[in-house]
Amino acid sequence: MSFLDNITKLFNSKVEEGKILGVDIGSSSIKIVQLSLKKGVAVLDTFGEISLAVYANKEVGKPVNLSEDKYVEALKDLMKESQVDATSACFAIPLKSTLMFNLKLPKTIEKSKLNDVVMVEARKYIPVPITEVQLDWSVIPATSRQQEQSDHYDILVVAIHKETINKYANIATNTGLTLKFLEIETFATIRSVVKHERNTTAIVDIGSSITKFYIVEKGVVKKSHVINIGYTKSLKESEATPENPEEKVSVGSGVSGNAAKLLRETIVDGNSIPLDITRIISNVKKAILEYQRDTKSDVPEVVFTGGGSLFDHIISYVEKELSVKVLKADPFSKVQSPAFLDDALRDAGPEFAVAIGIALRGLRL
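All the letters of the sequence shown, read from the start, carry residue numbers 737 to 1101 under my numbering.
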C-alpha cells in the first residue's frame, strides 16, 4: 500500500538516471542507501551512516535537534564519504512528525463524495488549521470476508505539517539533490522488512529515543503505536568530536558500521537485558495481546529493526517472552550486492530498513 500520493505530486517523482538515494534523517544519525536499477533488479551502490551529535558538540549516539544548515552539512559529509553519485533522492518522514489515525465511514456514502466527507471528519482529529497540513488518506483494503461484508469503510488518514514538508525540501535542495518524493518511515520499513505479505507480522523499530510498533496484515497497516523509550545511548567507547571528523561517519561504500559494533559492546552487560529493552518488550507484548483480543487473530511473527535490535540477546529474550517466531530484519536481502558483503550487510541491516525501503520505492520496486 502506498500513501502520500498527494505529497508525491508536489515533486517530479520520475527518476531519470536509473539510480536513487534513500535518506533517513533520525534523531541521532542520518542513514543513506543508494540503489541502481539494472535489468529490473535493485543493486546496492553504497550506503552510510553519520552521527548527528557531533554537529551539536554532544556525545555520539545522543538524540539531537539541529538547524537545517547543520543537517545539510552532515548529509553532504556523509554523501562525500560514501561516494554517492546519485542526484535524485527520496526522504523518509519520521512517524513522530506525522499524525496518523483511522476513520470509520458508512458505505452508504457515494465514493465520489468520500473525499469531501473525509476532509470534514479529519478536521476533528487535527489540532491545527487544516490549511497548515498536507492531508492524504486511503481506504484500507479488506483482509477478511468479515471485513468485506462490513457496512463501513476503514480509512487511514495521514496529516503532515507543511513546515515539515518544506524542511525536507530545503535540506534536499541545499544539499544539491533533486527531491523526488517523501514517504512516512512506516511504509518504507514495511516494504523492506516484510517478506511474506500474506502473513500477519508485528514490526518493532527500536530507535535511539523512541520505539515504533506496527502490526501489518497482508501488507496493510492494522495498528501503529509509538513507545516513548529508545535503546541505551551511552556509547562509552566513542569519543568522536567535531575535531575528529573521521569518527563521525560510521559506514561508507558498503563497509559495515562502527556504530553497530559500539552499540553491542556498550549496552551488553554480561548477558543481562537492559531495563529500557525490557520495558519496550513489555509494551510490545501488551499491544500484541490487545490486537489478538480485539481482532480474534494471531500474530505469529515479530520482526525487529532499528539500532536497538542490534543488541545480541534480544531475539532469544523476545521469543521466550512472546512465544512467537522472532526475526531480526534483513532489508539488504531485497537488493543485489557482492556476496563477500553478506555478513556485514546482515549485521548493519536493521539500522538501514527505512533508507532501503524508501529507495526501493524510488525505483518503483
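Ideal Cβ positions, reconstructed from N, Cα and C, are used throughout, including at glycine.
If contacts are defined as beta-carbon pairs under 8 Å, then residue i and residue j qualify, I think. What distance do you get, rounded to the angstrom?
| i | j | result |
| --- | --- | --- |
| Val1039 | Leu1063 | 5 Å |
| Ile907 | Ile891 | So it is not a contact: roughly 31 Å between Cβ atoms. |
| Ala1080 | Gly758 | Actually they are not in contact, since the Cβ atoms of Ala1080 and Gly758 sit about 18 Å apart, beyond 8 Å. |
| Val929 | Thr1041 | 6 Å |
| Thr823 | Leu915 | Thr823 to Leu915, Cβ: 11 Å. No contact. |
| Ile920 | Thr1031 | Between Thr1031 and Ile920 the Cβ distance is about 23 Å, and since that is not below 8 Å, they are no contact. |
| Thr925 | Gly762 | Between Gly762 and Thr925 the Cβ distance is about 12 Å, and since that is not below 8 Å, they are no contact. |
| Lys798 | Val962 | Actually they are not in contact, since the Cβ atoms of Lys798 and Val962 sit about 20 Å apart, beyond 8 Å. |
| Glu817 | Tyr791 | Incorrect: roughly 14 Å between the Cβ atoms, too far for contact. |
Using a beta-carbon distance below 8 Å, is residue i in contact with chain C?
| i | result |
| --- | --- |
| Ser960 | The structure shown contains no chain C; it is built from a single protein chain. |
Tell me whether residue i sits in a helix, a strand or coil according to DSSP, three-state version.
| i | result |
| --- | --- |
| Thr922 | helix |
| Asp1034 | coil |
| Thr896 | Note on identity: in this sequence residue 896 is Ile, with Thr being the wrong assignment. Of the three classes helix, strand and coil, the one that applies to Ile896 here is strand, per DSSP. |
| Val956 | strand |
| Ala878 | coil |
| Asn980 | Here the model assigns Asn980 a pLDDT of 44, short of 50, so the residue's position is not dependable and the matter cannot be decided. |
| Lys775 | coil |
| Lys1061 | strand |
| Gln1028 | helix |
| Glu705 | Since the first residue of the chain shown is 737 and the last is 1101, residue 705 is not available in this structure. |
| Val962 | strand |
| Val1039 | strand |
| Gly1085 | helix |
| Tyr950 | strand |
| Asp1066 | coil |
| Ser992 | Note that Ser992 scores a pLDDT of 36, beneath 50, so its modelled location is shaky and nothing firm can be said. |
| Glu785 | strand |
Using a 10 Å radius around the Cβ and a threshold of 16 neighbouring Cβ atoms, would you call residue i buried or exposed?
| i | result |
| --- | --- |
| Ile951 | buried |
| Arg1100 | exposed |
| Ala1075 | exposed |
| Ile896 | buried |
| Arg1029 | exposed |
| Tyr861 | exposed |
| Arg927 | buried |
| Ile866 | exposed |
| Thr782 | buried |
| Gly776 | exposed |
| Arg1097 | buried |
| Asn994 | Unreliable placement is indicated for Asn994, whose pLDDT of 45 sits below 50; the coordinate value is still reported in the next sentence. Label assigned to Asn994: buried. |
| Glu804 | exposed |
In its own chain, which residues sit with a C-beta less than 7 Å from the C-beta of residue i, not counting the 5 before and 5 after it?
| i | result |
| --- | --- |
| Gly1085 | Ala1065, Asp1066, Pro1067 and Phe1068 |
| Leu814 | Ile766, Ile768, Gly784, Ile786 and Val985 |
| Glu868 | His897 and Lys898 |
| Ser772 | Gly754, Lys755, Val779 and Asp781 |
| Val1060 | Val1035, Pro1036, Glu1037 and Val1038 |
Going by beta carbon distance, what residues of the same chain come within less than 8 Å of residue i, once the five residues before and after it are set aside?
| i | result |
| --- | --- |
| His888 | Lys840, Leu841, Pro842 and Lys843 |
Continuous beta strand (DSSP E) assignments of at least 3 residues falling wholly in the segment 822-869: Listed in chain order, they are 824-829 and 834-842.
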